[in-house]
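Asks: If you count by the UniProt record's numbering, then the sequence shown holds residues 1 to 151, one letter each, in order.
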Amino acid sequence: MSNLFDPSIPVPQIHSDIDTVSDYLGTVGIEGSQSELLCFANFARASHNSGNKSVTDIYSAANLAIKNVHSYPASAEAAKRLLVSPVSTADCERGLSRQNVIKTDLRNCLTVKNLEHLMKISIEGNDCKDVDFKVIYKLWAGKKQRRIIIK
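#1: According to DSSP, is Gln145 helix, strand or coil?
#2: From Lys138 to Asp127, what distance separates their C-alpha atoms?
#3: Which residue's Cα is closest to the Cα of Ala65: Asp91, Ala90, Gly51, Leu38?
#4: So, using beta-carbon positions, are Ile121 and Arg98 closer together than 7 Å?
#5: With the cut-off set at 7 Å, would you say Ala74 and Glu36 are in Cβ contact?
#6: Does the segment 50–63 come close enough to the segment 2–9 that 3 or more CB-CB pairs lie under 8 Å?
#7: Between which two residues does the alpha helix (DSSP H) carrying Ser16 extend?
#8: Do the CB positions of Val21 and Asn42 come within less than 7 Å of each other?
#9: Under the three-state reduction of DSSP, which class applies to Val11: helix, strand or coil?
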């Protein structure tokens, strides 16, 4: 999808990419977008080739499509999806790995809220210098009747 928005690639070289993006947009409810994508590709490259310094890379061409959503709605939709697509799955995999460490067979009844808080602490860390553990202990002890053995 990024080749569609790369102003340095000539239009004749991206026809297969335009077909692919058009097919994809058809699966999400935007039909008949092939000619519009081709028009936008020509427009973005003409802007780039005429010396327009605001269209220099994929990001700026995608933003150009979003700014001209009234003229190029399918291109704007493709640009929005391109800009939010993850470049790497490492963060997702890291999060799922951390979740598997936290949510074990013994802790399988954690609520979503508690799991979310534990994952944030585990991934982002927690600065223990600012934590008043006496207040936390009193809150924890006061939640329900507990047998607290202090030695």
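Cβ atoms here follow ideal geometry from the backbone N, Cα and C, with glycine treated the same way.
Replies: In brief:
#1: Position 145 of the sequence shown, counted from the start, is the residue given in the question as residue 145. Residue state, collapsed to three classes: coil.
#2: Within the sequence shown, the letter at position 138 stands for residue 138. Within the sequence shown, the letter at position 127 stands for residue 127. A straight-line Cα-Cα distance of about 20 Å links Lys138 and Asp127.
#3: Your numbering for residue 65 matches position 65 in the sequence shown. Of Asp91, Ala90, Gly51, Leu38, the residue nearest in Cα terms is Leu38.
#4: In the sequence shown, the residue the question calls residue 121 occupies position 121. In the sequence shown, the residue the question calls residue 98 occupies position 98. Taking 7 Å as the cut-off, the beta carbon of Ile121 is found no closer than this to the beta carbon of Arg98.
#5: Taking the sequence shown and counting its residues from 1, the one referred to as residue 74 is at position 74. Taking the sequence shown and counting its residues from 1, the one referred to as residue 36 is at position 36. Glu36 sits close to Ala74, with the two beta carbons spaced by under 7 Å.
#6: Between the segment 2–9 and the segment 50–63 there are three or more C-beta pairs closer than 8 Å, enough to call the two in contact.
#7: Translated into positions along the sequence shown, residue 16 becomes position 16. In the DSSP annotation of this structure, the continuous segment of the alpha helix (DSSP H) that includes Ser16 starts and ends at 15–27.
#8: Residue numbering aside, residue 21 sits at position 21 when the sequence shown is read from its first letter. Residue numbering aside, residue 42 sits at position 42 when the sequence shown is read from its first letter. Not closer than 7 Å, so no.
#9: What you label residue 11 is simply residue 11 of the sequence shown in a count that begins at 1. Val11 sits in a helix when the DSSP states are folded into three classes.
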